[in-house]
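Down below is the structure, laid out as structure tokens.
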Amino acid sequence: MLLPFSPTIEAPGNPKREWAPRIWMGCDAAAWWQLLSANQFAVDWTHAYIALFDTAVSVINSALWILSELVHGSRAARTEMVQAPLFILGHWRTGTTLLHELLVLDPRHSYPTTYQCLAPSHFLLTDGWMPRLLFFLMPRRRPMDNMAAGWERPQEDEFALCILGAGSPYRTIAFPNHPPQGQEYLDLEALSPAKRTRWKKTFLWFLRRLTLRDPRRLVLKSPTHTARIKTLLELFPDARFAHIVRDPYVVFASTMKLWKTLYETHGLQRPRCEGLEEHVFSTFLRLEAKLEEGRRLVPPGQFYQLRYEDLIRDPVGQLRQLYAALHLGDFEVVRGRLEKYLAENAGYEPNRHELTPELRAKVRQRWGDVIRRYGYEG
16 MLLPFSPTIE
26 APGNPKREWA
36 PRIWMGCDAA
46 AWWQLLSANQ
56 FAVDWTHAYI
66 ALFDTAVSVI
76 NSALWILSEL
86 VHGSRAARTE
96 MVQAPLFILG
106 HWRTGTTLLH
116 ELLVLDPRHS
126 YPTTYQCLAP
136 SHFLLTDGWM
146 PRLLFFLMPR
156 RRPMDNMAAG
166 WERPQEDEFA
176 LCILGAGSPY
186 RTIAFPNHPP
196 QGQEYLDLEA
206 LSPAKRTRWK
216 KTFLWFLRRL
226 TLRDPRRLVL
236 KSPTHTARIK
246 TLLELFPDAR
256 FAHIVRDPYV
266 VFASTMKLWK
276 TLYETHGLQR
286 PRCEGLEEHV
296 FSTFLRLEAK
306 LEEGRRLVPP
316 GQFYQLRYED
326 LIRDPVGQLR
336 QLYAALHLGD
346 FEVVRGRLEK
356 YLAENAGYEP
366 NRHELTPELR
376 AKVRQRWGDV
386 IRRYGYEG
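Right, here's the structure in full:
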């Protein structure tokens with residue numbers, strides 16, 4: 016259940032201010048209480064009305080979850096995923112959203128929608144009608160990059176995991192002035208066997224319900240999955256992985272903006288952003304290290320890497336190569352839809368990010384190995 020109690024967003028080029036739903040409004044009562052109690056209820060007084068409202072909504076979500084499980088739970092538990100998912104990997108702001116948008120144009124693919132990820136406990140019961148009732152709550156554009164937004168658009172499944180109460184680094188968004196939370200869930204490898212099993216069960220619980228709604232191959236995009244290849248292969252030995260990279264200098268600046276925007280838009284505190292720069296630096300290196308470990312485990316023909324700059328220069332050619340490398344079927348099936356999408360979005364301009372010479376030197380110092388590995392020395 017999502018209602019319009021969140022900060023307003025100034026859409027670039029649009030003088031009107033738009034409402035955006037807070038992600039925590041999808042929590043059931045247990046997950047919401049756990050999030051609050053783990054953070055000692057440290058909600059800023061300016062955000063107290065939001066926490067009170069979310070508390071009431073969490074009870075409604077719990078009731079809808081119970082009803083949804085009564086109606087759909089047994090069928091969902093028996094649902095099998097015929098095809099292993101295609102996972103889009105990459106650090107935040109590397110172009111994973113664009114690649115997701117392009118890959119789900121294929122009529123053979125499905126994806127979790129924004130509504131399904133923000134109401135994961137009961138979307139089987141409510142996604143046929145509630146998004147239409149709540150159409151006015153969704154901004155037309157994402158605040159961090161001006162890409163199109165909407166209840167039906169592809170979304171990160173990590174939000175669903177976080178809302179369902181599974182451990183996730185995204186819990187930091189709620190209380191940004193606390194030390195980063197859920198960092199052990201970035202790669203899952205330091206978890207106890209019980210916690211790791213619980214995470215897997217929650218993930219599969221959500222994916223089975225997505226598959227019950229639509230049995231086609233799932234295309235999943237969450238930057239956190241970049242560090243989880245080992246676990247994902249345990250669940251889906253035949254999974255496919257598409258990894259996208261981008262100029263790290265741009266990635267640093269854009270990621271700083273991303274977290275500041277999410278903290279401001281979805282946080283329960285007024286963010287001070289202390290330590291954010293170091294968090295971005297260290298998380299990038301950790302993600303890359305786990306990616307390099309994980310990709311060595313992937314069987315031939317199941318991992319493909321591309322560059323964002325090549326994708327925007329030649330999207331048709333790059334997608335054709337990706338389809339061939341990952342054995343995704345006849346590319347011509349999707350080519351017409353892809354060309355139509357590209358024509359309709361030809362005027363989109365990505366945000367530009369400038370770094371001071373000092374910050375650029377720091378990025379080069381901290382991320383130099385990755386910059387050289389991906390060929391961005393120039």
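Take 16 as the starting number for the sequence shown in the numbering used here and just add one per residue. C-beta atoms are modelled at their ideal positions from N, C-alpha and C, and glycine is treated no differently.
Length at least 3, wholly inside the region 214-250: the beta strand (DSSP E) runs in chain order: If only uninterrupted beta strand (DSSP E) runs of at least 3 residues are considered, those enclosed by the region 214-250 are 232-236.
Could you tell me which residues DSSP pairs with S125 in its beta bridges? L233
At least three beta-carbon pairs within less than 8 angstroms, the region 311-319 to the region 219-228: no
Of the residues P184, Y126 and Q336, which one's Cα is nearest the Cα of Y319? Q336
Considering only their Cβ atoms, is the gap separating D202 from K305 smaller than 8 angstroms? yes
Of the choices P146, R232 and R301, whose alpha-carbon is the least far from that of E199? R301
Check each candidate in G344, F251 and N192 and name the one with the smallest Cα separation from E95. F251
Specify the secondary structure class of L357 as computed by DSSP and reduced to three states. helix
Counting along the chain, where does the alpha helix (DSSP H) carrying A340 start and finish? For A340, the uninterrupted alpha helix (DSSP H) segment begins and ends at P330 to L341.
Along the alpha helix (DSSP H) that carries L206, what are the first and last residues, could you check? Careful: L206 lies outside any alpha helix (DSSP H) and carries neither H nor E.
By DSSP, does Q55 sit in helix, in strand, or in coil? coil
Local conformation of H87 per DSSP, three classes: Helix at H87.
By Cβ distance below 6 angstroms, which residues in the same chain neighbour R394 in space, the five residues on each side in sequence not counted? In the structure displayed, the chain extends from 16 to 393; residue 394 sits before or after that span and is not available.
Residues near M159 by beta carbon distance below 7 angstroms, same chain, minus five either side: Confidence at M159 is low in this model, with a pLDDT of 47, below 50, so its placement is unreliable and no value can be given for it.
Would you mind working out which of L114, L227, G362 and P194 sits nearest L101, comparing C-alpha positions? L114
When DSSP builds the beta bridges, which residues end up paired with Y319? A257
Could you name the residues of the same chain whose beta carbon sits closer than 6 angstroms to that of T226, not counting the 5 residues immediately before and after it, in chain order? The residues are T94 and M96.
Tell me whether the beta-carbon of H124 lies closer than 8 angstroms to the beta-carbon of L133. no
C-alpha gap between L148 and V385, whole angstroms: Straight-line spacing of the CA atoms in L148 and V385 works out to 46 angstroms.
DSSP-derived helix/strand/coil call for F138: If DSSP states are grouped into helix, strand and coil, F138 belongs with the helices.
Can you look up F174 in the DSSP assignment and give me helix, strand or coil? helix
Please name the residue in T112, P286, W144 and H193 whose C-alpha comes closest to that of L235. T112
If contacts are defined as beta-carbon pairs under 8 angstroms, then V295 and G105 qualify, I think. What distance do you get, rounded to the angstrom? Wrong, their Cβ atoms sit about 15 angstroms apart, outside the cutoff.
Measuring CB atoms only, is the region 65-84 touching the region 229-249, in the sense that at least three cross pairs come out at less than 8 angstroms? no
Same chain, Cβ closer than 6 angstroms to I244, neighbours up to 5 away in sequence not counted: Answer for I244: G309, listed in chain order.
Pairwise C-alpha distance: S207 and E116: 35 angstroms
If you run the structure through DSSP and keep just helix, strand and coil, what is A376? helix
Straight-line CA distance for W48 to D253? 37 angstroms
Excluding five sequence neighbours on each side, which residues of the same chain lie with their C-beta closer than 7 angstroms to the C-beta of R352? L120
Taking the C-alpha atoms as reference points, what is the distance between Q333 and A257? 12 angstroms
Check the C-beta distance from A44 over to S77 and give it rounded, since I have them as a contact under 8 angstroms. 4 angstroms
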